[in-house]
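Here is the structure we will look at, set down as structure tokens.
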Amino acid sequence: MGGPCGTGLTVLSGSANPALAALVASCLGEALAPVELERFPDGEARPVVPDVRGRDVYVVQPTCPPVDEHLVELLLLLDASRRAGAARLTAVVPYFGYARQDRRSRPGEPVGARLAAEVIAAAGAQRIVVVDPHTAALEAMSPVPVATLSAARALAAALGPVADAVVVAPDLGAVRLAERYAAIIGAPVAVVRKHRLTAAAVRAGPLAGDVAGRRPVIVDDMVSTGATIEAAAELLADRAGAAPPAVVATHGLFSAGALDRLGHLGLARLLVTDTVPPPRADAVEVCSLAWPLAEAIGRLHREERLDDVAWPG
3 MGGPCGTGLT VLSGSANPAL AALVASCLGE ALAPVELERF PDGEARPVVP
53 DVRGRDVYVV QPTCPPVDEH LVELLLLLDA SRRAGAARLT AVVPYFGYAR
103 QDRRSRPGEP VGARLAAEVI AAAGAQRIVV VDPHTAALEA MSPVPVATLS
153 AARALAAALG PVADAVVVAP DLGAVRLAER YAAIIGAPVA VVRKHRLTAA
203 AVRAGPLAGD VAGRRPVIVD DMVSTGATIE AAAELLADRA GAAPPAVVAT
253 HGLFSAGALD RLGHLGLARL LVTDTVPPPR ADAVEVCSLA WPLAEAIGRL
303 HREERLDDVA WPG
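Residue numbers (the working numbering): 3 to 315.
Shown next, in the form of structure tokens:
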């Protein structure tokens, strides 16, 4: 596939999610370029990229757990590609780790989201592609352009019609995402006010919006510990007539114990994407974003606009 000036396209993958990267390359009609990932005995990574001189290179690497390891690997892949003569470098980071650290809540803390964007740019990325980042301010923090995609249309299509649905934002940070889903599926929005107690414990309440007699669809950008979803689901269960909720989230991180935590809630469905490697669990449904990501990469390669990408559904 040639760009505007005939530059060829190359898709590379780190070790974070090679299955997704291979599917993306296949959707583009390309073979995933081979990368050798060597490690020193102490665990230090040393990737070796193929000949990418003069190529338009897309490095697919979500910075999912272990976040630090995958972030450093992404930096090394970008630096190796830059030194190998890539004409243009794009970091495709479907899940952008550290995006939750977008502000300081107390003195002495870093702003991890800004730092992560800065080091990715410093390693050679001329552009970053992300899907539903935790902070809408990521582009403002980044020294290079950020193309932000949403999985809402793909996930809404995978969810299918839900009669008498109400889209529930489990905290104030998810309101904008909930409004996007609501517009797609034609449903009202309800909002839960969340109070975080610890990193793995939250308290939910009050609830703004009418859920009685409706089928709640809880939407969020990620499921990590499951505490936010659990608190929202339990609050909904206290409302007379509310059906068991479906949960739809872009990034299924499922930290240790999260699936057990969600298992007792009697969820109607639990639907995530493959931005990070999905767990092998019957309760989790997975919607692949390979085609939408490939479409976005193809448009960027041809220097076309992304705002009219026809995502499935």
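Each residue gets a CB set at the ideal place from its N, CA and C atoms; glycine is no exception.
Asked: Provide the residue span of the alpha helix (DSSP H) that contains G114, from first to last.; Found: 114 to 124
Asked: Report the partner residues of T275 according to the DSSP bridge assignment.; Found: C289
Asked: Tell me, to the nearest whole angstrom, how far the beta carbon of T227 is from that of T252; I am working on the premise that it is less than 8 Å.; Found: Actually they do not touch by this definition, with Cβ atoms about 16 Å apart.
Asked: Measuring only the C-alpha atoms, how far is R55 from D81?; Found: 13 Å
Asked: With respect to the alpha helix (DSSP H) encompassing D284, which residues constitute its N-terminal and C-terminal limits?; Found: Where D284 is concerned, there is no enclosing alpha helix (DSSP H), given that its DSSP letter is neither H nor E.
Asked: Excluding sequence positions up to five away, which residues of its chain have a Cβ less than 8 Å from the Cβ of A270?; Found: R217, A245, P246, P247, A248
Asked: Check the DSSP bridge columns for M224 and list the partner residues they point to.; Found: H253
Asked: Using three-state DSSP, classify R85 as helix, strand or coil.; Found: helix
Asked: For the candidate residues Q103, D309, P109, L39, whose alpha-carbon lies nearest to that of L76?; Found: L39
Asked: Less than 8 Å between the C-beta atoms of T92 and A123, yes or no?; Found: no
Asked: Within a Cβ cutoff of 8 Å, which residues of the same chain sit near R263, ignoring the five residues on either side of it in sequence?; Found: T227, G228, A229, E232
Asked: Find the nearest neighbour of L255 within the set A33, T275, V193, judged by alpha-carbon distance.; Found: T275
Asked: Here's a check: name, in chain order, each residue in its chain whose Cβ is nearer than 6 Å to the Cβ of G87, leaving out the five neighbours to either side.; Found: R55
Asked: Assuming the contact rule is C-beta atoms closer than 8 Å, A171 and V193 should be a hit. Round their C-beta distance to whole Å, please.; Found: 5 Å
Asked: Going along the chain, which residues of its own chain have a beta-carbon closer than 6 Å to the beta-carbon of E287, five neighbours each way excluded?; Found: L273
Asked: Kindly indicate which three-state DSSP category E75 falls into: helix, strand or coil?; Found: helix
Asked: Express the C-alpha separation of G268 and A283 in angstroms, rounding to a whole number.; Found: 15 Å
Asked: Which two residues bound the contiguous alpha helix (DSSP H) that contains A167?; Found: Careful: A167 lies outside any alpha helix (DSSP H), inside the beta strand (DSSP E) at 167 to 171.
Asked: To the nearest angstrom, report how far apart T9 and A298 are at their CA atoms.; Found: 17 Å
Asked: In this structure, does DSSP put E181 in helix, strand or coil?; Found: helix
Asked: Along the alpha helix (DSSP H) that carries E236, what are the first and last residues, could you check?; Found: 229 to 239
Asked: Identify which residue in G114, R102, N19 has its Cα closest to the Cα of P279.; Found: N19
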